[in-house]
Amino acid sequence: MHARFVRGAVRSAAVAAAVTGTLTWAPTANAQPSEPTPSASVTAADTPAPDAGSVEITTRDTAGDVLPDAAFLLLDSAGQEAGRGTTDARGKLTFPDLAPGVYRLKETASGSPLHEVVADQDVIITPGATTRLTIIDPFKAAKVLLQAKDDKTGKLLPGATVNIGTGTSTLLTLTTGAKGTASGELPVSSRKTEFWVKQVKAPAGYDLYKPSKTFTAGPGSPVTVTVTNTKTATSPKPDPSDKPTPKPSGTPSTPADKPGSDTRGTKPSAPGTGTSDVDSSSTAAAPDSDATPTTPAGSLAHTGTDGTPWIAAGAGLFVVVGAVTLVAVRRRRAAESEPDENSETH
1 MHARFVRGAV RSAAVAAAVT GTLTWAPTAN AQPSEPTPSA SVTAADTPAP DAGSVEITTR
61 DTAGDVLPDA AFLLLDSAGQ EAGRGTTDAR GKLTFPDLAP GVYRLKETAS GSPLHEVVAD
121 QDVIITPGAT TRLTIIDPFK AAKVLLQAKD DKTGKLLPGA TVNIGTGTST LLTLTTGAKG
181 TASGELPVSS RKTEFWVKQV KAPAGYDLYK PSKTFTAGPG SPVTVTVTNT KTATSPKPDP
241 SDKPTPKPSG TPSTPADKPG SDTRGTKPSA PGTGTSDVDS SSTAAAPDSD ATPTTPAGSL
301 AHTGTDGTPW IAAGAGLFVV VGAVTLVAVR RRRAAESEPD ENSETH
């Protein structure tokens, strides 16, 4: 019986030893897990994916100068932020380790008070490549105030139109309103840009300002441009007192101004050959008719100064006619007295 007890004890010990050995081996057999530990997963995430890309940005202005401190925001296709940053002293900024796809790039600040930001744009990231972009920030526009003035009084004039440009290009056209002013924004391409201004339409009642003026404007700076106009010269109104002297009528009131037409060519009888039946009234009209020539058709009417010599000639003829008449009267009396003398003789 004792021997049977010993054999049972030995068998129990062997079973216990077998069980203990199994428990001890099990952990050893499972020492290498089939899944990575958490620390191994974090290490794998820090390693860039072999198909990642990047974008490199360079900012400049229209004059070619680099712009530091320009701020950008990068959004992925879902609108989530994929990166943000500002350009360095060389005007550069890089967004690395980007999954391939389409991104949205936003400039939030130009970093300069003289420059504007550009519009948003899409950026395509390709696997294993760097996309390089050059961003050109424009200068802020100059603020232009146009004035049109009377060159004598300084009064502001509406309705003046001018063109403003640089080189051979017209950049802005302004027309003054009811207050005689107009304003607009003039694009500039450098920190100091020279422009010309030329008036193409004058205000009502004024002459066109023909010279071309020049001025200088800077980004975001206000500038005033003034053109002056001279009033259009007008002809003076005629003075009523300066009316021309009316022309003389075609029918003169004196015999000297109007030649006779009925006795043209009639001459008085010479002394000693006249007859007693000479009519002094008809004879007196004849000298006027012969002395004054007929006015040709289409000629101008004679004025009073032309009749003076004719009046003097007419007076002389009247004297001659009177002398002839006197001689005729004396001869008649002599003829009448001859019979009386003859009768007394007989």
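Numbering-wise, the UniProt record's numbering puts 309 at position 309 of the sequence shown, and it's gapless, one number per residue.
Just so it is clear, CB atoms sit at the ideal spot from N, CA and C, and this is done for glycine as well.
Since we're looking at a predicted model, the values are computed, not measured.
TODO: Go through its chain and collect everything with a Cβ distance to residue 353's Cβ below 8 angstroms, but skip five positions before and after it.
DONE: Examination of residue 353 is not possible in this model, given that the chain is present from 1 through 346 alone.
Check the DSSP bridge columns for R60 and list the partner residues they point to.
V66 and I136
Bridge-paired residues (DSSP) for F72
G85 and E107
- Message: With DSSP as the reference, identify every bridge partner of Y206, one or two as the case may be.
- Response: K231
In chain order, which beta strand (DSSP E) runs of at least 3 residues are fully inside the region 144 to 230? 161 to 166, 169 to 175, 181 to 186, 193 to 201, 213 to 217 and 222 to 229
Given T232, which residues of its chain have a CB within under 7 angstroms of its CB, disregarding the five upstream and five downstream residues?
-> G205, Y206 and D207
Fill in: Simplified DSSP assignment, three categories, for L114
coil
Just to confirm, are V227 and A160 a CB contact at a threshold of 8 angstroms?
-> yes
Looking at T111: is its Cβ nearer than 8 angstroms to the Cβ of D51? The residue asked about is misnamed: residue 111 is Gly in this sequence, not Thr. Not closer than 8 angstroms, so no.
Task: Proximal residues to H93 (C-beta, below 7 angstroms), its chain only, five neighbours per side dropped - done: His is not the amino acid found at residue 93; the sequence shown has Leu there. Cβ neighbours of L93 beyond the five flanking positions: I57, F72, G85, T86 and T87.
Worksheet entry | Residue of F318, T130 and A109 minimising C-alpha distance to D120 | A109
Which class does T325 belong to by DSSP, given the choice of helix, strand or coil? helix
First through last residue of the beta strand (DSSP E) which encompasses D97
K92 to L98
By the three-class DSSP mapping on this structure, what secondary structure does A335 have? helix
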